[in-house]
Each structure stands twice: as structure tokens, then as C-alpha cells.
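In our numbering, the protein residues as written are 2 to 291.
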């Protein structure tokens with residue numbers, strides 16, 4: 002591999018070291034995720050769940066129509082009432098959660114719990130977002146996954162690692178975020194990230210996501226070398242406003258892998274007027290390569 006290239010910065014008394022070996026390990030984990038059962042390559046549908054009782058299955062007269070004829074026509078029913086979901090599976094169909102066969106109705110609040118239901122190669126779970134309920138359906142035998150040949154990347158470049166500054170917003174601040182499906186919702190905003198590159202200062206608006214900072218951004222490589230926009234997850238700083246930004250970890254959004262993924266578009270502040278030649282290149286399917 003040759004000599005290890007290392008960039009070391011002092012951040013609030015703590016050594017932050019990033020190098021090619023560490024990045025390569027992260028890339029390996031990223032690639033493992035893309036071929037895992039949780040990969041966006043497996044997403045075959047996101048269906049609305051309305052209040053009340055609805056049957057579900059592959060038959061067209063169901064309230065929730067499963068997008069595959071490989072599941073029973075009348076699979077069961079789902080009831081949504083007062084934020085609680087009750088899933089009933091009809092007799093004779095071996096549906097499991099964490100490998101355990103379901104023998105009675107499963108009742109849960111999807112804001113607090115997201116059990117994953119399993120049947121053959123299919124997996125599904127329920128979500129809630131701003132009072133809207135849906136079921137996400139995955140197929141581990143999907144054609145998207147079967148055609149997957151990996152994601153190409155810009156060469157790892159440590160010049161795209163920055164020590165930046167994080168300015169947190171006050172609590173309960175939200176900003177409008179529109180998805181690729183044209184749906185706009187208010188999302189919890191974390192604050193502004195600023196960094197310097199070639200003498201200029203740039204800013205990115207970050208969302209809160211699972212205790213970390215989630216950034217959707219576009220740059221001048223978009224729609225050409227890279228996807229129209231990309232995702233970047235950044236560790237939230239603790240006890241300091243200094244922050245570590247590594248664009249080598251910029252990834253394709255889920256909608257690059259599945260047309261059913263409702264990816265959030267970048268807010269206006271996150272359209273960078275520079276070419277970020279780091280991270281994942283635009284994903285091209287095996288079919289497109291032919």
C-alpha cells in the first residue's frame with residue numbers, strides 16, 4: 002500500500018486522526034451495507050397507511066397492495082388507530098420478526114418501535130412522519146440488488162477533510178425540506194456548518210438525525226461525475242463548536258439505488274458553488290453500463 006498518508010488535527014484538546022487506512026475501512030463497511038438486507042437496493046415500495054382497518058396483500062382490492070405477486074393475495078390486515086398499528090397475519094402464512102414466528106397480532110407505535118416483518122425474501126416495517134403513516138417494503142431478491150456491481154468513487158483525497166465550525170440552532174427549529182417526490186415537510190434542523198476552502202468560506206445547513214448531523218448537498222460535479230446531490234453524515238461535536246468534515250464520506254442518496262426512495266433535496270444553503278471531487282461517483286446500474 003506504500004507509506005500511509007495521515008492528516009492530524011487538534012480539536013478542542015482531542016487528537017482527530019483521519020488517514021487512508023481508516024477511510025478504506027469505512028468504505029468497506031459502506032459497500033457491505035449496500036449488499037445487506039437493509040440496503041436501499043432492496044426497496045420495492047413505500048405505501049400509505051390510512052386510519053382505520055385495511056387488508057393487505059397482492060390482490061388489487063386490498064387497501065394496502067403489496068407490490069409483488071409472490072406474496073398471498075389476502076395476506077392479512079393492518080389497523081391504524083390513535084397512533085397505534087395493529088398487524089394481523091392470516092392463518093397459514095409464516096411471517097416472522099427477528100426470526101420468531103408470529104402467532105398473534107402485533108400492536109406497536111411506529112414512532113417508538115419499528116418491528117421488521119419477514120416473509121420469504123420480503124421484509125417490511127412501518128414509519129410515521131409528521132402524522133403521515135407508511136409501510137416500507139423491501140425484497141432481498143430485488144432486481145436492483147441482483148444487478149448491483151458496486152459504486153465507484155473519486156480517489157481518496159485528504160485535502161477534502163476540513164476542520165470547520167458548527168453553529169447550533171435553538172431547540173425546536175425546523176426548516177422546509179422537499180423530497181424528490183415533491184412532498185415538502187418541516188424537518189428538525191440542527192444548525193450551520195462552516196468551513197474554508199481555497200480562501201473562501203462555505204456553509205451547510207444540517208438536520209438532526211439519530212444524534213448526528215445529516216447534510217444533503219449539491220456541488221458542481223452533480224449530474225455529471227456525481228449524482229445530482231449527495232448525503233454526508235457528520236459527528237455532532239460535544240463540548241466544542243469545532244467540527245470535522247470529510248467529503249470522502251459523501252455518498253449517493255438512496256434514490257440513486259431505488260426509484261421508490263423519497264430522498265430529501267438539499268436546502269438552498271447547501272448548493273455549493275465548487276466541485277467536490279471526493280466521495281462516491283454517480284451510481285450507474287449494470288443495465289445502464291450495457
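C-beta: ideal position from N, C-alpha, C; glycine also.
Residue i vs residue j beta-carbon contact at 8 angstroms
i: residue 273; j: residue 215; result: no
i: residue 68; j: residue 184; result: no
i: residue 95; j: residue 107; result: no
i: residue 266; j: residue 181; result: yes
i: residue 271; j: residue 205; result: yes
i: residue 209; j: residue 131; result: no
i: residue 31; j: residue 71; result: no
i: residue 45; j: residue 143; result: yes
Straight-line gap, residue i to residue j (C-alpha atoms, nearest Å)
i: residue 196; j: residue 21; result: 21 angstroms
i: residue 15; j: residue 60; result: Residue confidence is low: residue 15 scores 38 on pLDDT, short of 50, so the model does not pin down where it sits. Its coordinate-derived value is still stated next. Those two C-alpha atoms are separated by around 58 angstroms.
i: residue 43; j: residue 139; result: 5 angstroms
i: residue 199; j: residue 163; result: 12 angstroms
i: residue 78; j: residue 58; result: 8 angstroms
i: residue 73; j: residue 178; result: 37 angstroms
i: residue 161; j: residue 89; result: 50 angstroms
i: residue 80; j: residue 63; result: 13 angstroms
i: residue 145; j: residue 99; result: 24 angstroms
i: residue 239; j: residue 105; result: 44 angstroms
i: residue 269; j: residue 207; result: 12 angstroms
i: residue 33; j: residue 147; result: 14 angstroms
i: residue 102; j: residue 123; result: 15 angstroms
i: residue 225; j: residue 114; result: 40 angstroms
i: residue 213; j: residue 170; result: 14 angstroms
i: residue 227; j: residue 109; result: 40 angstroms
i: residue 153; j: residue 82; result: 45 angstroms
i: residue 40; j: residue 284; result: 14 angstroms
Outcome for residue i when other beta-carbon atoms lying within 10 angstroms are tallied against a minimum of 16
i: residue 250; result: buried
i: residue 53; result: exposed
i: residue 279; result: buried
i: residue 253; result: buried
Residue i in three-state terms, based on DSSP
i: residue 108; result: strand
i: residue 175; result: strand
i: residue 273; result: coil
i: residue 21; result: helix
i: residue 278; result: coil
i: residue 209; result: strand
i: residue 139; result: strand
i: residue 33; result: helix
i: residue 265; result: strand
i: residue 43; result: helix
i: residue 121; result: coil
i: residue 148; result: coil
Neighbourhood of residue i by C-beta, 8 angstroms cutoff - its chain only, sequence neighbours within 5 removed
i: residue 174; result: 189 and 190
Spatial neighbours of residue i in its chain, beta-carbon cut-off 6 angstroms, leaving aside the 5 residues before and after
i: residue 127; result: 86, 111 and 136
i: residue 12; result: Low local confidence applies: a pLDDT of 36 at residue 12 is under 50, so the model's placement there is unreliable, with the coordinate-based value given in what follows. Closer than 6 angstroms at the Cβ level, and outside the excluded window around residue 12, lie 243.
i: residue 47; result: 135, 137 and 261
i: residue 237; result: 213 and 214
Contact test: residue i Cβ vs the ligand SAM heavy atom, cutoff 7 angstroms
i: residue 244; result: With respect to small molecules bound, the structure shown includes none, and the ligand SAM cannot be examined in it.
Beta-carbon proximity list for residue i, same chain, < 7 angstroms, skipping 5 on both sides
i: residue 165; result: 194, 195, 196, 244 and 246
i: residue 223; result: 229 and 230
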